[in-house]
Amino acid sequence: MDLADCYKKVRQRTEAICEPLQTEDYVVQPVVDVSPPKWHIGHTTWFFETFILKPYFAEYQEFDPNYNYVFNSYYETVGNRVIRTDRGNLSRPTVIDIKRYRKYVDDAMLNFIACGDISDEVKELLILGFNHEEQHQELLLTDIKFILGNNPLFPAYSKDYVSPRSEKTGAPFIKLEEGVYEIGFEGEGFSFDNELNRHKVYLNGFEISPDLVTNAEYLEFINDGGYHDFRHWHAAGWDWVNSNKVEAPMYWHNIDGEWHNYTYHGLEKLDLHEPARHISYYEAYAYASWKGMRLPTEFEWEAAAKQFKWGKCWEWTESAYLPYPGFAKAPGAIGEYNGKFMVGQKVLKGASEVTSPNHSRITYRNFFQPELRWQFTGIRLAK
């Protein structure tokens, strides 16, 4: 692996994602779950500075001691940090300052890599850093969509953005027999610690749809009063619907009786053939209940995934985000990466259209709280 080349490609892709933005777009934080784009480009830079340059590159001089406080996300081991809700209040450092910071760290990182003689431990940290930045590339794209999609003018992010097509097969449900299946990552290459250890699970026989639920199919649920029928909802989901007056997926707008939705091209008429996206777990569960079906567990999804196409959007499962057998957190700050979040969240499987290239695999375990839907989240049914 050419580490310098990998580093440059990852960093350049982040900059390409930000290329269509205006300076003002970098600083907005509409809700707690969405971070300003400038924070993302600062945080991913901080990661390399904090976990590689400062401990392993003797020649390195820290860019600004205050940046550890500004760009630390949730690593208690590393020290105090700006609370998440206040990231949008950071008018300083400026976008220009953060870009200077990024270049400073990039130059130092390439000098460090060029020195050679990188230990296996540091190489693992570098690869983790690449994957960490790729995760933030997806977050950048979804956060940018939320920022612009909640602007009253619905400005386009980029007219050049191409959304990959997703063709509905119309094929019958895929049947899997009861039995013991192997779950979890194995083999060469990178994986996150939450994908380990590979283990056996027993599954009852089940069926899973080869297709994602489309906008047209979800619209039937809306038109049938699905958002107003408590029978299809968990109690927490029913409270969420009523407290937030939810009537449709995120980014859907009923304008003069016709449905539109916000896309990276701006506000457009709803494409009925596209998969329904930006759906919360609560909505996914309610839709499945309305259809007389259910969501697959993460183990069912993983066992069947080679038999259907996936990758258009993250797919909610009926599985709580919990550790696999034998899971152990790494020591220090790196151990805070996944394990500390294994409570109160649901697993999503697959990938989305804005997932970074080469950053998706069948064993990947994404996770979010059940009410969240700013990510590209959708529905695959099981029974």
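Residue numbers (full-length UniProt numbering): 1 to 383. Heads up, the beta-carbon is just placed ideally off N, CA and C, and yes, glycines get one too.
By the Cβ criterion, the stretch 109 to 119 is not in contact with the stretch 20 to 31, since fewer than three pairs of Cβ atoms, one from each stretch, lie closer than 8 Å.
When T50, I183, R198 and L90 are compared, the shortest CA-CA separation from Y26 is found for L90.
Judged by DSSP secondary structure, K349 falls within the beta strand (DSSP E) whose first and last residues are K346 to K349. In this structure the stretch 145 to 160 does not lie against the stretch 176 to 187, because fewer than three pairs of beta carbons, one per stretch, are closer than 8 Å. By the Cβ rule, the stretch 250 to 261 does not count as touching the stretch 199 to 214, because fewer than three pairs are nearer than 8 Å. Remark: C-beta atoms of E188 and V10 do not approach each other more closely than 8 Å. Note: R294 is bridge-paired with A382 in the DSSP secondary-structure output.
By the Cβ criterion, the stretch 93 to 102 is in contact with the stretch 31 to 47, since at least three pairs of Cβ atoms, one from each stretch, lie closer than 8 Å.
A check of alpha carbon separations from V343 across E195, P323, T142 and E302 identifies P323 as the nearest. The beta strand (DSSP E) runs of length 3 or more contained entirely in the UniProt domain "Sulfatase-modifying factor enzyme-like" (173 to 306) are, from start to end of the chain, 174 to 176, 179 to 183, 199 to 203, 206 to 208, 252 to 255, 258 to 263 and 266 to 269. Shown here, T363 sits in coil according to DSSP, grouped into three states, outside any helix or strand. The continuous stretches of alpha helix (DSSP H) do not include T317, which lies in the beta strand (DSSP E) extending over residues W314 to A320.
In the structure shown, F368 adopts extended strand secondary structure according to DSSP, grouped into three states. Under DSSP, T377 forms a beta bridge with W314. In the same chain as L348, and ignoring 5 residues on each side of it, the C-beta atoms closer than 7 Å to its own belong to W314, E315, W316, T317, N366, F367, F368 and T377, in chain order.
When C-alpha distances from T297 are compared across D239, A330, I208 and V354, the shortest belongs to I208.
Residue burial annotation: D193 is buried, with at least 16 other C-beta atoms found within 10 angstroms of its C-beta. The beta carbons of S163 and E353 sit about 6 Å from each other, so the pair counts as a contact at 8 Å. By alpha-carbon distance to V213, the top candidate from G225, H232, A288 and A235 is A288.
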